[in-house]
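Going by our numbering, the residue at position 64 of the sequence shown is 90; the numbering climbs one at a time, nothing skipped.
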Amino acid sequence: MHTTSAPFTLDFWKQSNKGKRHQFGWQGTSQEFGDIRVTYPLTPSHPEMLITEVRGGSIPTATFEARGIHTSGMVMPSLNRATLRLGDAHVHMTRNRLGVTHQGRSLFLKHAGDTYRLAANNHREYVLSRAADDEDPGVTITVRETGRGSRKKLTLSVAKRAVGADIALAALFAGVDRATLTRRGAVRAGIARVTHLSVESQY
């Protein structure tokens, strides 16, 4: 069901797990979609795996999973070698790694006949949009991070009418390393990855 949604806020949280990885995330309540909680990283079944999850009362559970040696030392999964699931369905993802502009580097998603675009405005703000079709005008959700440390907050602002899947996807990417959606972020991520692998090879 498509619903008009008021802006809502998710607060940052952190949990220390003795003998295990710390967990982080975002949690809050949407008046229309109920409680929402983003968690990363989930406890993996494999050492070279990172998973972020979002779940809530009125949204489908979604997971974003990255596998490979590049996940070593990371807290959030990146867009490289990743798998996205929404409910029981696989979401197909494509992007132009050579794009020059932020829009050109957008991540495109396809789910249940809908096409989404995820674009970065900067490293603290991104926009998820679902394309319009003959029956629906589409939706745009802007996600903006403010604050520092334990006082960080996310504000999700919805333009037009959204469904639970829209909200789940928009919130999920708050727990994903989106650096490669910008050219500068992609360069930094590449340097960090090469440096990390170089250090690892010396042991």
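C-beta: ideal position from N, C-alpha, C; glycine also. None of the values given here were measured: they were computed from a predicted structure.
Check: Continuous alpha helix (DSSP H) stretch holding Gly175: start and end; Outcome: It is not in any alpha helix (DSSP H) - Gly175 carries neither H nor E in the DSSP assignment.
Check: Residue span of the beta strand (DSSP E) that contains Ala146, given as start and end; Outcome: 140-148
Check: First and last residue of the uninterrupted beta strand (DSSP E) at Gly60; Outcome: 60-66
Check: At least 3 beta-carbon pairs within less than 8 angstroms: the segment 169-179 vs the segment 117-127; Outcome: no
Check: Beta-carbon contacts of Lys136 that lie in its chain and below 6 angstroms, excluding the five residues immediately before and after; Outcome: His118
Check: Of the listed residues Asp140, Val169, Thr55, nearest to Asn148 (C-alpha basis); Outcome: Val169
Check: Terminal residues of the beta strand (DSSP E) in which Leu195 lies; Outcome: No beta strand (DSSP E) contains Leu195, which is instead part of the alpha helix (DSSP H) from 190-198.
Check: Coarse secondary structure for Ala32, derived from DSSP in three states; Outcome: coil
Check: Nonlocal neighbours in the same chain, by C-beta distance under 6 angstroms from Lys186, ignoring five residues either side; Outcome: Pro163, Val165
Check: Neighbourhood of Val184 by C-beta distance below 6 angstroms, restricted to the same chain and skipping five residues each side; Outcome: Ser31, Ile167
Check: Whole-number beta carbon distance between Leu198 and Trp268, since they are thought to touch under 8 angstroms; Outcome: Summary: the structure shown does not reach residue 268, with the chain confined to residues 27 through 229, and so no result is reported for it.
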